[in-house]
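Colleague: Going letter by letter, the sequence shown gives residues 104 to 524 in this note's numbering. Glycine included, C-beta positions come from ideal geometry on N, C-alpha and C.
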Amino acid sequence: MTTLNAGQNVPLPEATVRVEVSGAVDLTALVLSASGKVDGDADMVFFNQPEAPGARLAGRTLDLTPGALRSGAERVVLVASPAAEGQTFREVPGVGVSLTSGALSATFTPGSLTTETALVLCEVYRRDGAWKVRAVGQGYSDGLAGLARDFGVDVEEPAAAAAPAAPSAPAPPAPSAPAISLTKGEERLPPDMRKRLSLRKELVTVSLTKKGATGLKARVIGVLDVSGSTSGLFRSGVFARAVERIMPVAAALDDDAEMQMFLMGARGVRVDDLQVGDLPQWLERYTTKRPTEAGGYNNEPAAIEEVLRYVATQSTDVPTLVLFFHDGGVTDNKGTEAAIRAAVPAAVFWQFIGLGRASYGILARLDDLQGRAVDNTGFFALDDIDAVPDAELYDRLVQEFPDWVRAYYPAGHPARASLGR
104 MTTLNAGQNV PLPEATVRVE VSGAVDLTAL VLSASGKVDG DADMVFFNQP
154 EAPGARLAGR TLDLTPGALR SGAERVVLVA SPAAEGQTFR EVPGVGVSLT
204 SGALSATFTP GSLTTETALV LCEVYRRDGA WKVRAVGQGY SDGLAGLARD
254 FGVDVEEPAA AAAPAAPSAP APPAPSAPAI SLTKGEERLP PDMRKRLSLR
304 KELVTVSLTK KGATGLKARV IGVLDVSGST SGLFRSGVFA RAVERIMPVA
354 AALDDDAEMQ MFLMGARGVR VDDLQVGDLP QWLERYTTKR PTEAGGYNNE
404 PAAIEEVLRY VATQSTDVPT LVLFFHDGGV TDNKGTEAAI RAAVPAAVFW
454 QFIGLGRASY GILARLDDLQ GRAVDNTGFF ALDDIDAVPD AELYDRLVQE
504 FPDWVRAYYP AGHPARASLG R
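1) Thinking just about the alpha-carbon of each residue, which of Tyr228, Glu495, Gln502, Arg509 is nearest to the one in Ala450?
2) Taking 7 Å as the limit between beta carbons, can you name the residues of its chain near Trp385, skipping five residues before and five after?
3) Using C-beta distances below 7 Å, list every residue in its chain close to Leu306, excluding the 5 sequence neighbours before and after it, in chain order.
4) How big is the Cα-Cα spacing for Arg121 and Leu107?
5) With DSSP as the reference, label Ala369 as helix, strand or coil.
6) Answer with buried or exposed for Asn479, where buried requires no fewer than 16 other C-beta atoms within 10 angstroms of its C-beta.
7) Taking the Cβ atom as the reference point for each residue, do Gly398 and Phe365 lie within a distance shorter than 9 Å?
8) What's the call for Pro114, buried or exposed, on a 16-neighbour Cβ count within 10 Å?
9) Can you find at least 3 beta carbon pairs, one from the segment 294 to 309 and one from the segment 344 to 356, that sit closer than 8 Å?
10) Across which residues does DSSP place Gln241 in a beta bridge pair?
11) At which residue ranges does the segment 146 to 183 contain complete beta strand (DSSP E) runs of 3 or more residues, listed in the order of the chain?
12) Decide yes or no for the touch test of the segment 423 to 430 against the segment 326 to 339: beta carbon pairs closer than 8 Å, at least 3 of them.
13) For Pro293, collect the residues of the same chain with a Cβ closer than 8 Å to its Cβ; drop the 5 residues on either side in sequence, then sort them by chain order.
14) Could you check whether Ala161 and Ala145 sit closer than 9 Å to each other, using their CB atoms as the reference points?
15) Would you mind sorting Met564 into buried or exposed? The rule is 16 or more other CB atoms within 10 Å of its CB.
16) Buried or exposed for Val323, going by 16 or more other Cβ atoms inside 10 Å?
17) Let me know if Ala187 comes out buried or exposed under the rule of 16 or more other beta-carbons within 10 Å of its beta-carbon.
18) Would you tell me roughly how many angstroms separate the C-alpha atoms of Arg291 and Ser138, rounded to the nearest one?
19) Considering Val508, what are the terminal residues of the beta strand (DSSP E) in which it resides?
20) Taking the straight line between their C-alpha atoms, what separation do you get for Ala118 and Asp166?
21) Take the Cβ of Tyr400 as the centre, count every other Cβ of all protein chains shown within 10 Å, and call the residue buried at 16 or more, exposed below.
22) Tell me, to the nearest whole angstrom, how far the beta carbon of Val198 is from that of Gly126; I am working on the premise that it is less than 8 Å.
23) To the nearest angstrom, how far is it from the Cα of Asp471 to the Cα of Gly380?
24) Rounded to the nearest angstrom, what separates Val236 and Arg178 at their Cα positions?
25) Please name the residue, chosen from Val341, Ala476, Leu172, that lies closest to Leu135 on a Cα-to-Cα basis.
26) If we count the other Cβ atoms within 10 Å of its Cβ and call it buried at 16 or more, is Ala406 buried or exposed?
27) Would Pro404 pass as a contact of Trp507 if the rule is Cβ separation under 9 Å?
28) Since Leu130 contacts Val141 with CB under 8 Å, what's their CB separation in whole angstroms?
29) Please determine, among Leu469, Gly368, Pro448, the residue with the shortest C-alpha to C-alpha distance to Val329.
30) Starting from Phe342, trace the alpha helix (DSSP H) both ways and give me its first and last residue.
31) Going by DSSP in three states, Pro267 sits in which element: helix, strand or coil?
32) Mind checking which residues open and close the alpha helix (DSSP H) that includes Gly199?
33) When DSSP builds the beta bridges, which residues end up paired with Pro185?
34) Helix, strand or coil: how does DSSP classify Gly331 here?
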């Protein structure tokens, strides 16, 4: 049995998944296109409309066959609401969800809830042709009708007492519903963090525009140096602030606004993916102190190889940008250089970012390596990341990546379509 945390995702091993909710709640499924909206009211599966292509609801159990969903479906959002009218989740104990798909048996219990009247439990979504499930646990105070309307469902309002109106007065236009996109997840962030993200995303777009790459799409991967010498940087919050500042790069480049995250110590270790809406929880888990699961010394080649093993399972049509934070003191200069040279054929650009004031060894010499078919690396040092303005940081982060895309992919390849030249 796998116990999921909010933001954690796992692949579905079989073509079907059974979803069961606990607690006195009703279950609703919203079938969404890539836009984050339904195509019509038929995409809302609930007690009064229990079936849609690929989805069948029976009480508090949903049987879902993602491959049989209607054409264009990319995501199914699973929502709980109190079964008793007028209740909030403060009055509904024991709310949770279990998922079964082949060998996978997983559960998720959301955190404490109070005035919420609708709750996104989890979402089943397609990524690189495979289906995954992600635990969400986001509550909403405007109820199922408001949440459904935000995803484009036409919800009929209760009739109100009619008031006399002047015959000649034109009806005012209906207000447009605010768009909520679980793909981006910004609505789940605290207000201050959401504001910073929004401003920083605009700056990333400006930096990409300078490089003629406004519409560039890419997979973004983060690697954090967790060797013993980084303990002070974790304690002082440097890594937390660094990760928050690179998240807008993924929000701008990645269709799912998420990063696959790795730790570099004595070995490379992949940890939970980081999605925009899960940023506070991820930072709390992985940056409040130095993570120890990867060991206490540097092994740059092992981290590079671990990232490459993951990328090898993904589509090469999507370029990958690796943002690799390192506090210096490279253990194996020759091995690191050999690993980078061996990685040249992969659809990966490695952007190394130095944190601190140590010697960066081979990392500082990567741009001058000779004998590579294409320059697949970049490096810059930030002795004090807090002293570097956002605009300057994003200019540096995306300075070389678009040029690498142009050099790596042949003319006419979809990855170059947004580059213009």
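Modeller: Straight from the coordinates:
1) Mapped onto the sequence shown, residue 450 falls at position 347. Minimum Cα distance to Ala450 is reached at Arg509.
2) Stepping through the sequence shown from its first residue, residue 385 is reached at position 282. Contacts found: Gly110, Asp375, Leu377.
3) Translated into the one-based positions of the sequence shown, residue 306 becomes position 203. Excluding positions up to five away in sequence, the list reads Asp493, Ala494, Tyr497.
4) As a working mapping, residue 121 is identified with position 18 in the sequence shown. As a working mapping, residue 107 is identified with position 4 in the sequence shown. Spanning the two alpha carbons is a distance of roughly 16 Å.
5) The residue labelled residue 369 in the question sits at position 266 within the sequence shown. Coil, per DSSP.
6) Counting from 1 along the sequence shown, the entry for residue 479 is found at position 376. Counting Cβ neighbours within 10 Å, Asn479 comes out buried, since at least 16 surround it.
7) Numbered from 1 along the sequence shown, position 295 holds the residue referred to as residue 398. Numbered from 1 along the sequence shown, position 262 holds the residue referred to as residue 365. Contact: no.
8) Counting from 1 along the sequence shown, the entry for residue 114 is found at position 11. By the 10 Å Cβ count, Pro114 comes out exposed.
9) yes
10) Along the sequence shown, one-based indexing puts residue 241 at 138. Beta-bridge pairing links Gln241 to Val223.
11) 158 to 161, 164 to 167
12) yes
13) Stepping through the sequence shown from its first residue, residue 293 is reached at position 190. Once the five neighbours on either side are set aside, the close Cβ partners of Pro293 are Pro383.
14) As a first step, residue 145 must be located in the sequence shown, where it is residue number 42. As a first step, residue 161 must be located in the sequence shown, where it is residue number 58. Taking 9 Å as the Cβ cut-off, Ala145 and Ala161 do not qualify as a contacting pair.
15) Beyond the ends of the chain as shown, which are 104 and 524, falls residue 564; an answer cannot be given.
16) Looking up residue 323 in the sequence shown gives position 220. Val323 should be labelled buried.
17) In the sequence shown, the residue the question calls residue 187 occupies position 84. With fewer than 16 Cβ atoms within 10 Å of its Cβ, Ala187 is classed as exposed.
18) Indexing the sequence shown from 1 puts residue 291 at position 188. Indexing the sequence shown from 1 puts residue 138 at position 35. Their backbone Cα atoms lie some 18 Å apart in a straight line.
19) The residue labelled residue 508 in the question sits at position 405 within the sequence shown. Unbroken run through Val508 is the alpha helix (DSSP H), 504 to 511; no beta strand (DSSP E).
20) For the purposes of this step, residue 118 is identified with residue 15 of the sequence shown, where counting begins at 1. For the purposes of this step, residue 166 is identified with residue 63 of the sequence shown, where counting begins at 1. Between Ala118 and Asp166, the C-alpha separation is close to 11 Å.
21) As a working note, residue 400 is residue 297 in the sequence shown. Classification for Tyr400: exposed.
22) Within the sequence shown, numbered from 1, the residue matching residue 198 stands at position 95. Within the sequence shown, numbered from 1, the residue matching residue 126 stands at position 23. Contact holds; Cβ gap of about 4 Å.
23) For the purposes of this step, residue 471 is identified with residue 368 of the sequence shown, where counting begins at 1. For the purposes of this step, residue 380 is identified with residue 277 of the sequence shown, where counting begins at 1. Those two C-alpha atoms are separated by around 38 Å.
24) Within the sequence shown, numbered from 1, the residue matching residue 236 stands at position 133. Within the sequence shown, numbered from 1, the residue matching residue 178 stands at position 75. Rounded to whole angstroms, Val236 to Arg178 spans 10 Å at the Cα level.
25) Taking the sequence shown and counting its residues from 1, the one referred to as residue 135 is at position 32. Comparing Cα positions, the closest option is Leu172.
26) Numbered from its first residue, the sequence shown carries residue 406 at position 303. Buried, because 16 or more other Cβ atoms sit within 10 Å of the Cβ of Ala406.
27) On the sequence shown, residue 404 is found 301 positions in, with the first residue counted as 1. On the sequence shown, residue 507 is found 404 positions in, with the first residue counted as 1. Cβ atoms of Pro404 and Trp507: not closer than 9 Å.
28) Working through the sequence shown from its first residue, we reach residue 130 at position 27. Working through the sequence shown from its first residue, we reach residue 141 at position 38. Actually they do not touch by this definition, with Cβ atoms about 17 Å apart.
29) Here residue 329 refers to the residue found at position 226 when the sequence shown is read from its first residue. Val329 has its Cα closest to that of Gly368, out of Leu469, Gly368, Pro448.
30) Counting from 1 along the sequence shown, the entry for residue 342 is found at position 239. Start and end: 341 to 356.
31) Locating residue 267 in the sequence shown gives position 164, counting from the first residue. Summary for Pro267: the model assigns pLDDT 40, below 50, so the residue's position carries little reliability; its value from the coordinates is reported in the next sentence. Pro267: coil per DSSP, three-state reduction.
32) The residue given as residue 199 occupies position 96 in the sequence shown. Element bounds for Gly199: not the alpha helix (DSSP H) but the beta strand (DSSP E), 199 to 204.
33) Numbered from its first residue, the sequence shown carries residue 185 at position 82. Val128, per the DSSP bridge assignment.
34) Numbered from 1 along the sequence shown, position 228 holds the residue referred to as residue 331. Note: Gly331 maps to helix in three-state DSSP.
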